[in-house]
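J.:
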Amino acid sequence: MLKSYLIVFFISMLPLIELRGAIPMGIGMGLPILPTYLVCVVGNMLPVPFIYLFARKVLIWGYHKPIIGPFCRFCIVKGEKGGRALEAKAGRGLVAALLLFVGIPLPGTGAWTGTLAASILDMKFKDVLIACMGGVLLAGIIMGLASAGLLGALSGLFAV
40 MLKSYLIVFF ISMLPLIELR GAIPMGIGMG LPILPTYLVC VVGNMLPVPF IYLFARKVLI
100 WGYHKPIIGP FCRFCIVKGE KGGRALEAKA GRGLVAALLL FVGIPLPGTG AWTGTLAASI
160 LDMKFKDVLI ACMGGVLLAG IIMGLASAGL LGALSGLFAV
């Protein structure tokens, strides 16, 4: 059982997959939903301070390198584009917008992209942590409900 929790913990740390893939994986492995949720939230939040503090520096360093340059350029462009769009739509409510960006489980959103965008926008570290934590908690709840089948059951009740 510990092995299963470690698997979902490490899956929740991966960019693009994050807890959006880890929670359904844990539920599919037969793990209880609440401990799976907690393990995935911790795993998803663990990289956030490192992304905020170091990702932009590493990406800028690798921008013109022959092998990793295309990947670094992709990440910087994606982060800048997401950050600027978030900033344009949010105005003063940037922290709330970041929370929703991280919390709505859609492709291309999540703690990794949100933190990278926030670091490119030079948001305060404390604001980034609060927004990402709230977003990860929200995304975890949504994915937990979806994985448990509650959203599908509710939509079936209200279908005409």
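Just so you know, we're using my numbering here: the sequence shown kicks off at 40 and counts up by one.
All residues carry an ideal CB built from backbone N, CA and C; glycine is no exception.
Quick check on the burial criterion: 16 or more other C-beta atoms within 10 angstroms. Buried or exposed for Leu-55?
T.: To locate residue 55, count along the sequence shown from 1; it is residue 16. Classification of Leu-55: exposed, given that the 10 Å Cβ count is below 16.
J.: Closest by CA to Ala-135, which one among Gly-65, Ile-169 and Leu-73?
T.: Position 96 of the sequence shown, counting from 1, holds the residue named residue 135. Measuring from the Cα of Ala-135, the nearest candidate turns out to be Ile-169.
J.: Across the segment 98-108 and the segment 57-77, are there enough close Cβ pairs to call them in contact, namely three or more that are closer than 8 Å?
T.: Contact fails: fewer than three Cβ-Cβ distances are below 8 Å.
J.: Taking the C-alpha atoms as reference points, what is the distance between Met-64 and Lys-42?
T.: Indexing the sequence shown from 1 puts residue 64 at position 25. Indexing the sequence shown from 1 puts residue 42 at position 3. Approximately 13 Å, taken between the alpha carbons.
J.: Comparing C-alpha positions only, which one of Thr-154, Leu-145 and Val-116 sits nearest to Ile-181?
T.: Stepping through the sequence shown from its first residue, residue 181 is reached at position 142. The shortest Cα separation from Ile-181 among Thr-154, Leu-145 and Val-116 belongs to Leu-145.
J.: Below 8 Å on the Cβ atoms is my contact criterion, and I expect Ala-156 with Gly-122 to pass it. Report the Cβ-Cβ distance as a whole number of Å.
T.: Taking the sequence shown and counting its residues from 1, the one referred to as residue 156 is at position 117. Taking the sequence shown and counting its residues from 1, the one referred to as residue 122 is at position 83. Yes, Ala-156 and Gly-122 are in contact; Cβ-Cβ is about 4 Å, under 8 Å.
J.: Measuring CA to CA, which of Leu-45, Val-47 and Ile-62 is closest to Leu-177?
T.: What you label residue 177 is simply residue 138 of the sequence shown in a count that begins at 1. Leu-177 has its Cα closest to that of Ile-62, out of Leu-45, Val-47 and Ile-62.
J.: Could you name each continuous alpha helix (DSSP H) segment of 4 residues or more that falls completely within the segment 49-102, going from the start of the chain to the end?
T.: 57-67, 72-84 and 95-101, all fully within the segment 49-102.
J.: Tell me the DSSP secondary structure of Asp-166 in three-state form.
T.: Numbered from 1 along the sequence shown, position 127 holds the residue referred to as residue 166. In this structure, Asp-166 counts as helix in the three-state DSSP scheme.
J.: Assign Arg-59 to buried or exposed, taking buried as 16 or more other Cβ atoms, counted over all protein chains shown, within 10 Å of its Cβ.
T.: Sequence index remark: in the sequence shown, residue 59 carries index 20 (1-based). That one is buried.
J.: Is it right to say Leu-45 is buried, meaning 16 or more other beta carbons lie within 10 angstroms of its own, or is it exposed?
T.: For this step, residue 45 is matched to residue 6 along the sequence shown. The residue is exposed, with fewer than 16 neighbouring Cβ atoms inside 10 Å.
J.: Quick check: Met-52 and Cys-171, are their CB atoms within less than 8 Å of each other?
T.: Here residue 52 refers to the residue found at position 13 of the sequence shown. Here residue 171 refers to the residue found at position 132 of the sequence shown. Not closer than 8 Å, so no.
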